[in-house]
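Presented below is the structure to which this report refers.
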Amino acid sequence: MSKVYIYKGFERFWHWAQALLIMFLAITGFEVHGTFEIFGFEKAVEFHRTASWLLIGLIIISIFWHFTTGEWRQYIPTTKKLKEQIMYYLVGIFKGEHHPTAKTQLRKLNPLQRIVYLAFKLVLIPMTLISGILYMLYKTFDENNMVVVEDYPLESIAFWHTLGAILLIVFLIIHVYMTTTGETPTSNINAMITGYEDLDDEEESDEQHKEVNEKTNNIKK
Ligand code: HEM
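For the sequence shown, the residue numbers in my numbering are 943 to 1163.
Below is the structure:
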């Protein structure tokens, strides 16, 4: 085993800031929805709007980071070893089997994580964000201080936004469980805090080496 630098400084900041903002948006959003009362309706609306601007800003910066560093390539989906990875989580893990895919600096996500995180970034987050922005623009004031109501139906905007919120909470619960399935229950969480993870020194196959080398070359380009 040796310590490998997996998650860079910005990546860790972005990950935890996004997690905190989504949890805060879930709390204030469901208070607006009427599920419970913590801050009071008016404050919950104000906090929800402020946090949503912070999340939008964070997402814009993180998109820039993913493209300028080439890290977006980590999310290119693959079906190679996907079945093995799913079977590992469903069966193998309970028999103490080894992870079917080796984690490296240039391949930090397993095939299942690639697909799930890509869907998170390309479907779930945009759906919640766009419906949230449309929600925000639904009732505004013009330059004469007159209320302007958009002509799209608020019910469907609220439906997609609430659905996005529920799916984000489901994602969060499954995600937290999955983080405990690394080498030790806390190794993945520690890696996202310190950046470093203890990984096997096991020799990789020629094929894996080739893939890693190709990716290194692509990232360098
Ligand atoms: C950039 C992202 C987001 C924006 C722009 C946004 C915007 C809004 C707006 C404008 C409302 C209506 C209340 C109000 O007038 O302030 C709302 C409600 C709500 N938001 Fe968000 N939001 C965002 C992200 C989230 C996230 C990440 C969650 C949960 C994980 C969430 C959960 C909710 C819920 C549950 C409601 C109540 C929906 C209803 O009852 O109709 N929002 N959001």
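Virtual Cβ for every residue (Gly too), placed ideally from N, Cα, C.
Proximity below 7 Å, CB of residue i to CB of residue j
i, j, result
"Leu-1051", "Gln-1027", "no"
"Ile-1057", "Tyr-1077", "no"
"Gly-1012", "Thr-1070", "no"
"Glu-988", "Ile-980", "no"
"Ile-964", "Leu-1109", "no"
"Met-1134", "His-990", "no"
"Gln-1047", "Val-1118", "no"
"Ala-993", "Phe-966", "yes"
"Tyr-1017", "Leu-1060", "yes"
Contact set for residue i: own chain, Cβ-Cβ below 7 Å, skip 5 residues either direction
i, result
"Thr-1043", "Lys-1023, Gln-1027, Asn-1052, Pro-1053"
"Ile-1035", "Thr-1123"
"Thr-1169", "Nothing about residue 1169 can be read from this structure; the chain reaches only from 943 to 1163."
Three-state secondary structure assigned by DSSP to residue i
i, result
"Glu-1013", "helix"
"Val-1091", "strand"
"Thr-1082", "strand"
"Thr-1121", "helix"
"Glu-1139", "strand"
"Thr-1043", "coil"
"Glu-1059", "Reading off the sequence, residue 1059 comes out as Tyr, not Glu. Three-state DSSP puts Tyr-1059 in a helix."
"Val-1065", "helix"
"Ile-1115", "helix"
"Tyr-1031", "helix"
"Tyr-947", "strand"
Residue burial classification, residue i (beta-carbon count within 10 angstroms, cutoff 16)
i, result
"Arg-1015", "exposed"
"Thr-970", "buried"
"Tyr-949", "buried"
"His-1103", "buried"
"Lys-1081", "exposed"
"Ser-1073", "buried"
"Lys-1162", "Residue confidence is low: Lys-1162 scores 48 on pLDDT, short of 50, so the model does not pin down where it sits. Its coordinate-derived value is still stated next. Exposed, because fewer than 16 other Cβ atoms sit within 10 Å of the Cβ of Lys-1162."
"Glu-1085", "exposed"
"Glu-1039", "exposed"
"Lys-1037", "exposed"
"Lys-985", "exposed"
"Lys-1025", "exposed"
From the options, residue whose alpha carbon lies closest to that of residue i
i, options, result
"Gly-951", "Ser-994, Thr-1136, Phe-1101", "Thr-1136"
"Ser-1004", "Phe-1113, Glu-1085, Ala-959", "Ala-959"
"Phe-1113", "Ala-968, Tyr-1017, Leu-997", "Ala-968"
"His-1041", "Thr-1104, Tyr-1031, Val-1065, Leu-996", "Tyr-1031"
"Phe-1062", "His-975, Phe-983, Ile-1116, Asp-1143", "Ile-1116"
"Glu-1097", "Ile-1002, His-975, Ala-961, Met-943", "His-975"
Cut-off 6 Å between Cβ atoms - residues of its own chain near residue i, not counting five sequence neighbours on either side
i, result
"Val-1091", "Lys-1081"
Contacts around residue i, its chain only, beta-carbon distance under 8 Å, and the 5 residues preceding and following it disregarded
i, result
"His-1151", "Confidence is the limiting factor: at His-1151 the pLDDT is only 43, short of 50, which leaves the residue's position unreliable and the question unanswerable from this model."
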